[in-house]
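Encoded as structure tokens, the structure appears first; notes follow it.
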Amino acid sequence: MSSINLRQVSVFAPNPLFQDLSLTIGDNERLGLIAGNGAGKSTLLRCLAGLAEPTAGEIIRSRGLRLGFVEQDVASNLLDLPLAEAVRRALPSAEREASAWRVDVTLDEFDTPVELRDRPVRALSGGWQRLALIARAWVAEPDILLLDEPTNHLDLAKIELLESWINDPARRVPMVIASHDRRFLDSCTTRTLFLRPGISRIYGHPYTRARHLLDADDAAQAAKFAKDRSEADRLRRSANALRNIGINSRSDAAQKKSMQMAERAESLEQTLRPAHKERAGEIRLDARGTHARVLIAIDDVAIAAPDGQALFRTGKLSVLQGDRIVVLGRNGAGKSLFIGLLSRAMTQRDSVPGIQVHVSAVLGYVDQQMSQLPSLESPLGFISGRFRLGDQRSVSLLAGAGFGVEQQRQVIARLSPGQKARLGLLALRLTEPNLYLMDEPTNHVDIAGQEKLEAEILAHGATCVLASHDRSFVKTVATRCLLIEAGRMTEIELPREFEEASSGKSRR
């Protein structure tokens with residue numbers, strides 16, 4: 001059996017990412033890997049792939065094990081290659097001619113259009129680049145497949161295609177999947193590892209069921225810690241009281257009893273282990289008040305691509321106070337263009353024919369790339385300068401959003417995608433809008449951050465227009481759905497695949 005065995009594996013950088021991790025990966029299992037941004041998921045995958053070494057412990061791979069590893073970013077040496085050639089070069093050099101047929105077979109499995117196969121990788125959409133990386137990993141017939149955020153940049157149709165591909169009974173290959181997509185994890189995994197700096201926890205269930213068990217275990221651990229802490233304090237107080245009695249009465253028995261109680265307290269204190277607390281940065285939203293009922297009125301506006309190609313017409317549409325509108329559609333349908341057009345109509349009033357914005361509407365806008373962030377400024381300089389806050393207040397806000405002192409002073413261009421997302425959402429809050437326009441707001445945000453964003457949207461009754469392929473997020477926040485299809489934008493009921501997103505049921 002092909003397998004990877006981890007024995008007491010730890011990684012410090014310099015603080016612990018995870019410690020004393022022991023497990024076996026094999027036997028057709030699908031392991032979901034869960035942790036916050038920067039908390040060690042990619043590091044663990046690189047260790048499993050042999051591209052990085054753990055600080056302590058050992059990783060034992062079966063003899064002759066072939067690993068397929070799909071990283072988050074496309075290597076620069078692949079960008080100018082045609083898609084089919086980029087996949088072909090993943091084959092061992094001695095097999096490239098004889099096994100070239102496997103390239104087309106693999107691309108067929110992902111419904112790759114023929115016209116895309118000769119297109120340079122850099123010219124492909126982010127979604128097709130992700131599928132190209134998965135195809136590269138699969139064409140070499142790996143024994144174990146490692147996937148780092150495989151649904152990033154995929155639209156719903158491609159996510160469902162990938163789910164079907166992973167769950168195909170003929171594909172009996174162990175997989176380790178690091179993802180923030182809760183619905184995808186529920187569909188595609190059989191076991192879940194919650195990676196933690198202290199004691200990591202593993203459960204024999206997909207994400208949602210495993211998360212319920214984790215929360216129950218954490219609650220039990222917190223209760224035990226509080227009980228043991230209280231008992232240790234009681235023993236200390238009793239020991240001190242007996243010691244004073246023994247000294248005052250010159251009673252050796254009382255002093256001996258006091259020492260025994262103190263030893264019991266010390267022994268108990270040594271076993272105390274606080275329950276794990278997620279240290280994900282805070283995500284908060286604020287909503288400025290407005291008495292307007294209709295914030296945006298749209299009168300059958302034509303949406304076109306930058307090259308002038310007509311994409312769809314909006315029809316007549318109103319955005320009402322309190323609406324949480326989700327725009328759905330395949331990649332390239334025009335969702336981002338629509339949200340960007342609304343942003344322009346709000347920042348440059350009367351600049352977009354057919355879109356009327358109420359005078360009291362105040363915009364909060366984030367796009368997928370967080371392009372509103374100045375890449376050459378530091379987070380501290382950006383927050384303190386843009387919002388005219390003092391350094392002390394800015395440092396405090398950034399710390400609350402999960403930025404350490406060093407991260408606050410490095411240029412934004414060097415931040416991870418997850419850190420940029422948190423900075424963008426902090427800036428969004430400080431804008432104090434009453435209408436949020438958000439394009440894929442959960443991209444690169446970890447699960448804890450997604451849940452906080454959901455809670456904030458619901459708690460503040462925020463008016464939102466957003467595009468998202470995150471089925472759990474959409475199911476939680478959406479009050480209205482707009483679908484772009486066949487050249488039209490129409491209002492629909494929440495689609496079935498989103499209704500099922502909160503069920504926590506695996507298809508496996």
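Residue 253 in my numbering sits at position 253 of the sequence shown; the count goes up by one each step and never skips.
C-beta atoms are modelled at their ideal positions from N, C-alpha and C, and glycine is treated no differently.
Take residue 305 as the anchor and find which of 325, 322 and 334 has the nearest alpha-carbon.
334
Per DSSP, residue 5 forms a beta bridge with which residues?
24 and 60
Does the pairing of the segment 82-91 with the segment 48-56 give three or more beta-carbon distances under 8 Å?
no
Identify whether residue 206 lies in helix, strand or coil by the three-state DSSP scheme.
coil
Going by the CB atoms, is the gap between residue 373 and residue 382 shorter than 8 Å?
yes
For residue 180, I'd like the list of residues in its chain whose CB is within less than 6 Å of its CB, leaving aside the five on either flank, ordered along the chain.
446 and 447
With 16 as the cutoff for other CB atoms within 10 Å, does residue 41 come out buried or exposed?
buried
In angstroms with no decimal places, state the Cα-to-Cα distance between residue 72 and residue 366.
22 Å
With a threshold of 16 other CB atoms inside 10 Å of the CB of residue 396, please say whether the residue is buried or exposed.
exposed
Touch check for the segment 349-363 and the segment 323-338: three-plus C-beta pairs under 8 Å?
no
Going by other Cβ atoms of all chains shown within 10 Å of its Cβ, with 16 needed for buried, is residue 440 buried or exposed?
buried
Give the single residue among 162, 173 and 135 whose Cα lies nearest to the Cα of residue 143.
173
Just reading off the alpha helix (DSSP H) that residue 134 is part of, what are its end residues?
126-139
Leaving aside the five residues before and after residue 220 along the sequence, list all residues of the same chain whose C-beta is less than 7 Å from its C-beta, in chain order.
none
Count the C-beta pairs between the segment 399-418 and the segment 308-322 that are closer than 8 Å, then say yes if the count reaches three, no if not.
no
Thinking C-alpha only, which one of 99, 45 and 254 is nearest residue 139?
99
Considering only residues of the same chain and omitting the five flanking positions on each side of residue 32, which have a CB-CB separation below 6 Å?
177, 185, 189, 192 and 207
Are there any heavy atoms of the ligand ZN lying less than 7 Å away from the beta-carbon of residue 92, as far as the coordinates show?
This structure lacks the ligand ZN, and indeed carries no ligand of any kind.
Going by the CB atoms, is the gap between residue 403 and residue 442 shorter than 8 Å?
no
Could you tell me the distance, in whole angstroms, from the CA atom of residue 7 to the CA atom of residue 22?
5 Å
If we ignore side chains and look at the alpha-carbon of each, how far apart do residue 26 and residue 146 end up?
12 Å
Report back the beta-carbon spacing between residue 214 and residue 203 to the nearest angstrom; my notes put them in contact at under 8 Å.
7 Å
Within 10 angstroms of the Cβ of residue 164, are there 16 or more other Cβ atoms? Answer buried if so, exposed if not.
exposed
For residue 132 and residue 293, what's the separation of their Cα atoms in angstroms?
46 Å
Alpha carbon to alpha carbon, what distance is there between residue 130 and residue 343?
29 Å
Can you look up residue 261 in the DSSP assignment and give me helix, strand or coil?
helix
Going by DSSP, what residues sit across from residue 148 in a beta bridge?
178
Restricting to Cα atoms, I'd like to know which of 297, 158 and 485 is closest to residue 113.
158
Could you check how far apart the C-beta atoms of residue 103 and residue 88 are, in whole angstroms? I think they sit under 8 Å.
5 Å
Please report the straight-line C-alpha distance between residue 227 and residue 462, rounded to a whole angstrom.
40 Å
Look at the alpha carbon of residue 457 and the alpha carbon of residue 450, and state the distance between them as a whole number of angstroms.
11 Å
Determine the extent of the alpha helix (DSSP H) in which residue 46 is found, giving its start and end residues.
41-49
Can you give me the Cβ contacts of residue 255 inside the same chain, cut-off strictly under 8 Å, excluding the 5 residues immediately before and after it?
242, 243, 246 and 247
Tell me which residue opens and which closes the alpha helix (DSSP H) that residue 339 is part of.
335-347
Based on the DSSP secondary-structure assignment, which residues constitute the bridge partners of residue 112?
Partner(s): none; residue 112 has no beta bridge.
On the DSSP bridge list, what partners appear for residue 316?
299
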